[in-house]
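Everything below concerns the one structure shown next.
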Amino acid sequence: MNIINSEIKKHDIETQISELLFLDKSLDLSIEWGMNHILFAPSKRIRPLLVLESNMVFDPIDDDSYVLAAAVELVHTYSLVHDDLPCMDNDELRRGVKTLHTYKGEAFGVLAGDALLTRVFDILSKYIKVEKLPAILRLFGEKSGYTGMIKGQILDMEAEDQKLSIENINIINYYKTANLIQLAMMAGAINGGASATDLVVIEELGKYIGFIFQIQDDILDIIGDSAVLGKQTGSDDRNNKSSIPLVAGLDKAKELIAEYKEISVNLIDKLPGNNNFFRELINFLVTREK
Numbered sequence: 010m011n012i013i014n015s016e017i018k019k020h021d022i023e024t025q026i027s028e029l030l031f032l033d034k035s036l037d038l039s040i041e042w043g044m045n046h047i048l049f050a051p052s053k054r055i056r057p058l059l060v061l062e063s064n065m066v067f068d069p070i071d072d073d074s075y076v077l078a079a080a081v082e083l084v085h086t087y088s089l090v091h092d093d094l095p096c097m098d099n100d101e102l103r104r105g106v107k108t109l110h111t112y113k114g115e116a117f118g119v120l121a122g123d124a125l126l127t128r129v130f131d132i133l134s135k136y137i138k139v140e141k142l143p144a145i146l147r148l149f150g151e152k153s154g155y156t157g158m159i160k161g162q163i164l165d166m167e168a169e170d171q172k173l174s175i176e177n178i179n180i181i182n183y184y185k186t187a188n189l190i191q192l193a194m195m196a197g198a199i200n201g202g203a204s205a206t207d208l209v210v211i212e213e214l215g216k217y218i219g220f221i222f223q224i225q226d227d228i229l230d231i232i233g234d235s236a237v238l239g240k241q242t243g244s245d246d247r248n249n250k251s252s253i254p255l256v257a258g259l260d261k262a263k264e265l266i267a268e269y270k271e272i273s274v275n276l277i278d279k280l281p282g283n284n285n286f287f288r289e290l291i292n293f294l295v296t297r298e299k
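So, in structure tokens, the structure goes:
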């Protein structure tokens with residue numbers, strides 16, 4: 010069992026998220042069914058786990074930790090639904106199940122994604138540390154909105170049919186992928202009582218974890234097994250998108266992962282606690298096959 014599965018089981022993340030997010034009485038092909046269909050398909054749950062583990066760097070997890078973990082998972086899952094739409098990547102498989110637009114069309118996929126995103130408001134209303142809520146809300150807006158993840162998606166779409174430099178690909182990867190990793194880690198850290206100085210380290214670590222995650226994802230898009238990944242491979246090539254392994258080759262991509270791993274380990278050493286988890290996480294991310 011890898012570190013991700015072990016920690017998810019220890020924290021009972023699936024049960025906690027299900028209790029917060031599962032929608033009862035969901036008729037087949039209803040909007041509630043669609044939300045459940047993609048939320049509870051097999052998933053690594055890395056982002057909600059990062060909320061909890063970042064919280065534990067500073068203080069034990071509590072009910073608010075799980076509220077934040079569920080909210081981050083909603084944001085992540087809605088982004089996957091929209092990313093798979095015909096107007097974007099046009100993928101038919103996600104988390105090992107059919108994508109929502111393949112059931113009832115693109116409009117259904119758009120609205121199901123919207124429903125997942127707007128449910129974040131309801132979930133965050135359960136957060137009881139009211140003195141920390143403004144910072145939490147600003148963070149969600151900054152990292153998932155037009156200055157963060159959505160900006161990355163726009164840059165990604167506009168870069169189709171172009172051969173980008175590694176530097177420009179990293180800009181896209183920062184906004185598209187690393188910002189949501191930063192959201193998860195910083196939200197957990199804020200809940201745990203991190204100082205402003207601590208948050209700078211957490212944010213920087215989140216950036217490099219995001220880079221490692223995305224480059225490995227792009228490598229697997231080329232050499233991975235779709236049955237193992239739970240999604241179609243060859244998406245970047247099919248959509249004429251630049252990724253580091255496509256532009257610079259697999260060897261260069263692996264060199265960059267090793268470089269970013271070293272930077273990450275140095276940042277982990279600056280954390281006041283839970284260092285071992287993050288070291289093992291980095292080792293998992295650079296070798297994962299799904």
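For the sequence shown, my numbering gives the first residue as 10, with consecutive numbering after it.
Glycine included, each C-beta is placed from N, C-alpha and C at the ideal position.
Computed from a predicted structure; not experimentally measured.
| Asked | Found |
| --- | --- |
| DSSP three-state label for V66, please. | coil |
| What is the rounded straight-line gap between the Cα of I277 and the Cα of T111? | 42 Å |
| Are the beta-carbon atoms of M65 and F293 separated by less than 9 Å? | no |
| Going by the beta-carbon positions, is the gap between F149 and A78 smaller than 9 Å? | no |
| Is DSSP giving R103 helix, strand or coil here? | strand |
| Since M194 is in the alpha helix (DSSP H), which residue starts that stretch and which ends it? | 188 to 201 |
| Select from L36, G105, A257 the residue whose C-alpha is nearest the C-alpha of V237. | G105 |
| Would you mind sorting D21 into buried or exposed? The rule is 16 or more other CB atoms within 10 Å of its CB. | exposed |
| Report the residue from L58, D230, L265, N11 whose alpha carbon sits nearest the alpha carbon of I26. | L58 |
| Can you list, in chain order, the residues of its chain whose CB lies under 8 Å from that of K107, leaving out five sequence neighbours each side? | E101 |
| Excluding the 5 residues flanking N249 on each side, which residues of the same chain have their C-beta closer than 8 Å to its C-beta? | E169, D170 |
| What residue range does the alpha helix (DSSP H) around P143 cover? | 142 to 153 |
| For the alpha helix (DSSP H) containing F220, name the first residue and the last one. | 205 to 232 |
| Would you call the CB atoms of L189 and I199 closer than 9 Å? | no |
| Taking its Cβ as the centre, do 16 or more other Cβ atoms sit within 10 Å of R147, making it buried, or is it exposed? | exposed |
| Is it buried or exposed for N14, if we count other Cβ within 10 angstroms and need 16 for buried? | exposed |
| Output the residue ranges of the alpha helix (DSSP H) runs that lie fully inside the stretch 243 to 269 and measure 4 residues or longer, sorted by chain position. | 244 to 247, 253 to 257 |
| Comparing alpha-carbon positions, which option in T24, M44, N99 lies nearest L32? | M44 |
| For the ligand MN, is there any heavy atom lying closer than 8 Å to the beta carbon of G122? | Ligands in the displayed structure: none, and consequently the ligand MN is not present. |
| Can you grab the Cα-Cα spacing for the pair K261 / P254, in whole Å? | 7 Å |
| Cβ atoms of K263 and I211: under 9 Å apart, would you say? | no |
| Decide if N275 is buried, meaning its Cβ has at least 16 other Cβ atoms within 10 Å, or exposed. | exposed |
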